[in-house]
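Beneath this line is the structure, given in structure tokens, with notes to follow.
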Amino acid sequence: MPSGSVALSARPEIIGGPPPGAATLEARDACAWFGDRLVLEGVDLVMPKGKVTALIGPSGCGKSTFLRLLNRMHELIPGAALDGEILLDGNDIYAVGTRAQQVRMRIGMVFQKPNPFPAMSIRENVLAGLKLARLKCDDKDTLVEQSLLRAGLWKEVRDRLDSPGGALSGGQQQRLCIARSLAVYPNVLLMDEPCSALDPTSTRRVEETIDELRGEVTVVIVTHNMQQAHRVSDLCAFFLAEENQPGFVVEQGDTLEMFSSPRDPRTLDYVEGRFG
């Protein structure tokens, strides 16, 4: 286990929370619409348990839309619709009777722009997910410490947990958002370009956090940074939307193989920077 990480078996008991540990996420023939416009078509993708899967491709190819399908954020957009299946360890997250809040507790999300609750303290930010989901924890202090440790932020903030979360630097705010997501011990963590607004030092720290989460949480990350995809991911999926056509997956597989010897020439052109 990497230095500074926390064993899931040592977590405080969270009453009503998901069982700890990573889970396999799978999309089967996933399609998405905005109104009558098909924006994503026929995506079949397995995101294996405990692995880091990177979604790469040029802007407008449906990567972020696909990410939002994975925890039902897509259905919050007026006029949005979808088809196909999204399975978490074989269970359809869109099944009748499955509440979106339950899904989002098991499949957390970190956005492109850090979005801590600025007036809340660092401690309150970490615990916000439990409060929203009406979960109970038998040891909140330990949960706060463990969540901040797993997000790589504990050493920087342990002496000022009651300070406002909005007073942190941008990189620290992003790691606070990661800690907030991790506090409910999700099975999957979705990350939508989490480093796009960060400086190189903050980016490195977020990447270190992703590496430490490997095995404990399934991570799916959207990134436009090919070097980052190469550094942090085990698997890659290359999305593309050709002119006036919906986005689709051109190729998927082991990251090292996709970057060194992709099967499709379009993948090679993209990872070598010839377009996008």
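Numbering (my numbering), first residue to last: -12 to 263.
Each residue gets a CB set at the ideal place from its N, CA and C atoms; glycine is no exception.
Based on Cα-Cα distance, which residue from V193, L75, A17, E194 lies nearest to V236? A17
From L117 to L148, what distance separates their C-alpha atoms? 17 angstroms
Give me whichever residues DSSP pairs with F225 in a beta bridge. I43, E238
Tell me which residues share the same chain as Q232 and place their Cβ nearer than 6 angstroms to its Cβ, disregarding the 5 neighbours each side in the sequence. none
Collapsed DSSP secondary structure at L122 in the structure displayed: coil
Helix or strand or just coil, what does DSSP make of A194? According to the sequence provided, residue 194 is Glu. The question's Ala does not apply to it. In the structure shown, E194 sits in a helix (DSSP, three-state: H, G or I).
Endpoints, alpha helix (DSSP H) assigned at C164: 157 to 169
Would you list the residues sitting across from P35 in a DSSP beta bridge? None; P35 has no bridge partner.
Quick check: I208 and V30, are their CB atoms within less than 8 angstroms of each other? no
What's the C-alpha gap between L247 and D23? Note that residue 247 corresponds to Ser in the displayed sequence, not to Leu. Taking the straight line from one Cα to the other gives about 39 angstroms.
Here's the rule: buried if 16 or more other CB atoms are within 10 angstroms of the residue's CB, otherwise exposed. What is D125? exposed
Considering just the uninterrupted stretch of the alpha helix (DSSP H) at F53, what are its terminal residues? 50 to 56
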